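Down below is the structure, laid out as structure tokens.
Chains as they are written, first to last, in our numbering: chain A, 1 to 246; chain B, 1 to 261.
The structure is reproduced here in structure tokens:
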């Protein structure tokens with residue numbers, strides 16, 4: 001992996017087995033195994049995907065629904081391991097996907113900051129230092145001492161966003177996340193992300209909104225049924241995408 | 001190279017391990033009036049019931065019989081709840097596993113360690129009951145730590161195996177809970193060993209690593225005598241083997257978990 005590359009994706013393929021009926025109990029498995037009836041439909045959500053993102057580049061991923069965009073993000077962020085090929089990343093990744101996965105309903109907002117922070121791989125010292133900043137940014141005020149099962153979904157999203165963006169990441173992964181909470185918070189979160197952009201962070205941004213991608217990214221790729229249909233500077237790719245979707 | 005990579009990754013997530021253990025213990029008794037005290041009360045009350053039934057009703061007059069019951073029952077309880085916790089840990093954290101990258105073994109390890117911590121706390125009851133019933137402290141008493149360590153490794157190994165199997169076959173959970181009942185009755189928790197040996201069925205103890213740990217634990221704390229070397233060796237070997245099998249199986253299958261949960 002070259003020095004100035006932040007994300008290196010090489011010949012990545014992701015295969016899912018779509019079995020017609022799910023066999024998840026032992027009896028069925030044994031019966032089907034004996035009858036040699038274990039059928040799988042192979043389905044490649046991604047195939048032969050290769051690209052590099054250089055440090056400081058902002059790559060937009062375009063594609064229609066079901067083209068493999070989310071799968072690609074999951075592969076890059078490490079949630080899914082690709083069936084073939086490999087992915088290398090350099091530096092701290094902040095995935096702004098599924099904000100608040102790992103929140104405990106019974107825990108208060110404050111307790112959840114530590115729990116979710118730990119899920120994201122932060123240390124206790126770091127969280128101790130940043131806790132006021134997180135609470136402040138979330139704008140939850142005294143609700144921070146309330147169990148989050150009493151939160152509205154907007155409040156949860158605000159807390160999740162505040163925790164996930166408190167780090168200074170090297171790589172930022174965004175999945176149309178710029179719409180969190182109410183209008184005031186949305187503006188605040190956009191400003192936060194823009195300020196991260198200014199620090200020279202590498203960005204992987206997924207969207208089907210061409211306008212957003214053009215505004216935020218300098219490079220882009222198009223995914224079509226799991227294959228890489230185009231890549232290059234955002235303007236060039238935008239033209240191709242327009243032709244494709246018309 | 002590979003090992004340092006895993007070690008580094010573990011160190012990065014060791015705070016998460018701590019947080020998960022804390023969550024298990026904190027949430028277990030949240031909103032109950034007596035809270036963590038239940039960790040002590042539950043074994044104490046169970047001991048009283050078992051002593052009443054298997055001691056008094058059966059006309060046994062050994063004054064230290066409650067210690068015998070309590071020690072066996074505590075170790076069994078750790079094994080059973082630890083393996084069951086490990087077994088469910090992957091499927092019950094599925095929403096998290098699908099969304100954020102975290103080394104998956106952390107969930108299993110956290111479930112088992114939190115059960116071990118509760119178990120260690122509940123040992124206070126054993127000390128208390130032992131003191132009241134005048135169980136003597138001998139030079140052999142500290143040896144009780146050895147069967148506990150073996151039991152911990154054994155539980156971890158079984159937990160890893162069960163967690164992996166349970167991802168693919170949900171039946172494992174039900175099979176295992178029946179199996180745990182079998183192990184309970186085969187571990188001489190509430191009856192003396194010699195009764196069973198007298199009927200010629202002593203072999204059941206020779207294939208049961210949990211019983212071996214319990215027996216060695218009792219030798220150390222209750223009878224003040226050295227451990228049975230055979231039991232010690234067999235249980236240690238079984239524990240290490242289960243740990244190796246569990247780790248390898250888990251490691252090999254973990255990337256597929258996400259497709260099944």
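Where a beta carbon is used, it is the ideal one built from N, C-alpha and C, also for glycine.
These figures come from a predicted structure and were not determined experimentally.
The residue from A:50, A:121, A:157 and A:64 with its alpha-carbon nearest to that of residue 85 of chain A is A:50. Judged by DSSP secondary structure, residue 89 of chain A falls within the beta strand (DSSP E) whose first and last residues are 84-89. In the DSSP secondary-structure assignment, residue 94 of chain A is bridged to A:172. Between residue 46 of chain A and residue 13 of chain A, the C-beta spacing is below 7 Å.
The contact set of residue 102 of chain B on chain A, defined by CB atoms closer than 7 Å, consists of 119 in chain order. Counting along the chain, the unbroken alpha helix (DSSP H) around residue 125 of chain A starts and ends at 124-138. Taking C-beta atoms as the reference points, residue 70 of chain B and residue 126 of chain B count as a pair closer than 7 Å. In the structure shown, residue 189 of chain B falls within a coil segment according to DSSP collapsed to helix, strand and coil. Take the alpha-carbon of residue 75 of chain A and the one of residue 96 of chain B: they are about 15 Å apart. The C-beta separation of residue 224 of chain B from residue 140 of chain B comes to about 5 Å, placing the pair in contact by the 8 Å criterion.
For residue 211 of chain A, there is no enclosing beta strand (DSSP E); the enclosing alpha helix (DSSP H) has its first and last residue at 210-216. As the crow flies, the alpha-carbon of residue 148 of chain B is around 13 Å from that of residue 219 of chain B. For the 7 Å CB-CB criterion, residue 6 of chain A and residue 58 of chain A do not form a contact. Secondary structure of residue 28 of chain A (DSSP, three-state): helix.
When DSSP states are grouped into helix, strand and coil, residue 45 of chain A belongs to the strand group. When the five nearest sequence neighbours on each side are left out, the beta carbons in the same chain lying within less than 8 Å of the beta carbon of residue 103 of chain B are those of 9, 10 and 13, in order along the chain.
Contacts with chain A at 7 Å (Cβ-Cβ) include residue 96 of chain B.
Judged by DSSP in its simplified three-state form, residue 148 of chain B adopts helix. Around the CB of residue 191 of chain A, fewer than 16 other CB atoms lie within 10 Å, so the residue is classed as exposed. With the rule of 3 Cβ pairs closer than 8 Å, the region 128-147 of chain B does not count as touching the region 86-94 of chain B.
Your pair residue 190 of chain B and residue 44 of chain B does not check out as a contact, with CB atoms roughly 15 Å apart and the cut at 8 Å. Proximity of residue 25 of chain A to chain B, defined by a Cβ-Cβ separation below 7 Å, is satisfied. When C-beta distances to chain A are compared with 8 Å, the residues of the region 154-171 of chain B below that value are 168, 169, 170 and 171, in chain order.
By the Cβ criterion, the region 94-110 of chain A is in contact with the region 152-161 of chain A, since at least three pairs of Cβ atoms, one from each stretch, lie closer than 8 Å. Per the coordinates, the alpha-carbon of residue 249 of chain B lies some 7 Å from the alpha-carbon of residue 164 of chain B.
For residue 17 of chain A, the residues of chain B that pass the 9 Å Cβ criterion are 259, in the order they occur in the chain. Collapsing the DSSP output to three states places residue 101 of chain A in coil. With its beta carbon at least 7 Å from every one in chain B, residue 140 of chain A lies outside the interface. Sequence-distant Cβ neighbours of residue 144 of chain A in its own chain, meaning closer than 6 Å and more than five residues away, are 109, 110 and 135.
Among the residues of the region 77-88 of chain A, those with a Cβ less than 7 Å away from any Cβ of chain B are 77, 78, 79, 80 and 81, in the order of the chain.
CA-CA distance, residue 38 of chain B to residue 123 of chain B, rounds to 13 Å. Around residue 177 of chain B, the same chain offers 84 as residues with beta carbons nearer than 8 Å, after the five sequence neighbours per side are excluded.
When 7 Å is used as the limit between beta carbons, residue 157 of chain A is near no residue of chain B, the shortest such separation being about 14 Å.
Secondary structure note for residue 221 of chain A: its beta strand (DSSP E) is the uninterrupted segment 219-224. Within chain B, the residues placing a beta-carbon under 7 Å from that of residue 29 of chain A are 169, ordered along the chain.
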